[in-house]
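The opening residue of the sequence shown carries number 16 in my numbering; numbering runs sequentially from there. Structure record follows, encoded as structure tokens.
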Amino acid sequence: MADKVSKKELKQPDEFVSLATRTYKWIQSNWKLIVATGVAVVLAVVAVQVFQYVRQRKEGQASALFVEAKKVLDSPVSSAGEDQSKPGSYSSEKEKLSAALELMEKVVKDHDGTRTADLARYYIGEINMRLGNHEKARKAFERYLAEAGDDADFAPFAVEGLGLAYEAEGKLEEARKHFEKLTKPPFDLQPDRGLYHLARIAHQKGDEGKAKELLEKLLDEYPDSIFRTEAENRLELLKNPGLQIADAAKAEPERNDEDEKSGENQAANRVTAQRASEAIKKAGGKDEK
Numbered sequence: 016m017a018d019k020v021s022k023k024e025l026k027q028p029d030e031f032v033s034l035a036t037r038t039y040k041w042i043q044s045n046w047k048l049i050v051a052t053g054v055a056v057v058l059a060v061v062a063v064q065v066f067q068y069v070r071q072r073k074e075g076q077a078s079a080l081f082v083e084a085k086k087v088l089d090s091p092v093s094s095a096g097e098d099q100s101k102p103g104s105y106s107s108e109k110e111k112l113s114a115a116l117e118l119m120e121k122v123v124k125d126h127d128g129t130r131t132a133d134l135a136r137y138y139i140g141e142i143n144m145r146l147g148n149h150e151k152a153r154k155a156f157e158r159y160l161a162e163a164g165d166d167a168d169f170a171p172f173a174v175e176g177l178g179l180a181y182e183a184e185g186k187l188e189e190a191r192k193h194f195e196k197l198t199k200p201p202f203d204l205q206p207d208r209g210l211y212h213l214a215r216i217a218h219q220k221g222d223e224g225k226a227k228e229l230l231e232k233l234l235d236e237y238p239d240s241i242f243r244t245e246a247e248n249r250l251e252l253l254k255n256p257g258l259q260i261a262d263a264a265k266a267e268p269e270r271n272d273e274d275e276k277s278g279e280n281q282a283a284n285r286v287t288a289q290r291a292s293e294a295i296k297k298a299g300g301k302d303e304k
């Protein structure tokens, strides 16, 4: 019986041989499709590699130019009597900033679409703020946010820059809206920064009660804030307006609206300079590769 079963099994076609035969016949019938598919896969792989190579090359070129622009931005201004003909020497802050701005704009123009170009857009806004070109600064910050996104490293700085630009243009409500964003996600990297600006704006708008409230909140919730000293001074003056008048009478002529506006501009300028310094430090080593 066992012999009969074995002979019967031997008569059945071998499953492996049968599968191999079917596969061979399918390949014979579809070899053109197989070749075309293989070629398509190879071409797709090559295309991806070429794209990555071109993108990396473009990013590298953009980064090199950005580093050059940043070196100009970080350059010292020559003192009186120094040789100003040396490369990298600038006779004034404005001359230096203008040279850096030109290079940053070249990064964007020649290498648009790269991460480095997005970063250059931020610096274009920052430099224009320092040059007093507030409208150009706003446009640069807006473009940076549009291209890099709200979660980008410099997004909170760009939002703050927009607020400062609007403030410099006298558009206090627009400035307030942007400074308020600094206290909420995704821009709340330093909420105390937003509170400080909101307090300044409230004071400028004549709402001293709101200004006090914001300054007290800043000092209570962020005792180690870099704005602590400035906030304490402002709060003291708001709480003791009589002392403010008395002190002013001793050392200064009577202040008018223009003097007040100038003081706020100086405060904003200090923040702008500090913010630029922080941004430069943050960029150092990250994009200079």
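No residue lacks a Cβ here, since even glycine has one placed at the ideal position from N, Cα and C.
Whole-angstrom distance between residue j and residue i, CA atom to CA atom
i      : j      : result
Met144 : Pro256 : 32 Å
Lys111 : Glu83  : 13 Å
Lys109 : Leu146 : 7 Å
Ser94  : Ser104 : 10 Å
Pro91  : Lys85  : 12 Å
Arg215 : Gly209 : 10 Å
Ala115 : Arg153 : 18 Å
Tyr181 : Lys121 : 26 Å
Glu184 : Gly176 : 12 Å
Lys151 : Ala132 : 17 Å
Leu179 : Ala173 : 10 Å
Tyr211 : Lys124 : 36 Å
Phe202 : Asp165 : 7 Å
Leu253 : Leu88  : 38 Å
Asp274 : Gly221 : With a pLDDT of 44 at Asp274, under the threshold of 50, the modelled position of that residue is not reliable, and no figure is offered here.
Asn45  : Thr36  : 14 Å
Val61  : Gln43  : Per-residue confidence for Val61 stands at a pLDDT of 47, beneath the threshold of 50, marking its modelled position as unreliable; no derived number is given.
Asn248 : Ser106 : 36 Å
Close Cβ partners of residue i (< 7 Å) along its chain, the five nearest in sequence each way excluded
i      : result
Leu213 : Arg191, Phe194, Glu195, Leu229
Arg158 : Arg136
Thr129 : Lys73, Glu74, Ala77
Ala217 : Lys225, Ala226, Leu229
Asp207 : Leu233, Tyr237, Ser240, Phe242
Leu160 : Ala170, Ala173
Leu204 : Pro171
Pro200 : none
Sequence-distant residues of its chain with Cβ nearer than 6 Å to residue i (five each side left out)
i      : result
Ala167 : none
Tyr138 : Met119
Glu245 : none
Thr198 : Pro206, Gly209
8 Å contact criterion, which residue i and residue j should meet: CB distance rounded
i      : j      : result
Ala77  : His126 : 3 Å
Leu80  : Leu118 : 7 Å
Ala155 : Ala163 : Rounded, the Cβ-Cβ distance is 12 Å, inconsistent with contact.
Leu250 : Glu231 : 7 Å
Where residue i falls: helix, strand or coil (DSSP)
i      : result
Val174 : helix
Tyr237 : coil
Met16  : Note that Met16 scores 49 on pLDDT, short of 50, meaning its location in the model is unreliable and no value can be drawn from it.
Cutoff 8 Å; reference residue i; Cβ partners in own chain excluding five residues on either side
i      : result
Ser113 : Leu146
Asn271 : For Asn271, the pLDDT reaches just 47, beneath the cut-off of 50, and the residue's location in the model is therefore unreliable, leaving the point undetermined.
Below 8 Å, how does it come out for the region 225-242 and the region 185-203: are there three or more Cβ pairs, yes or no?
no
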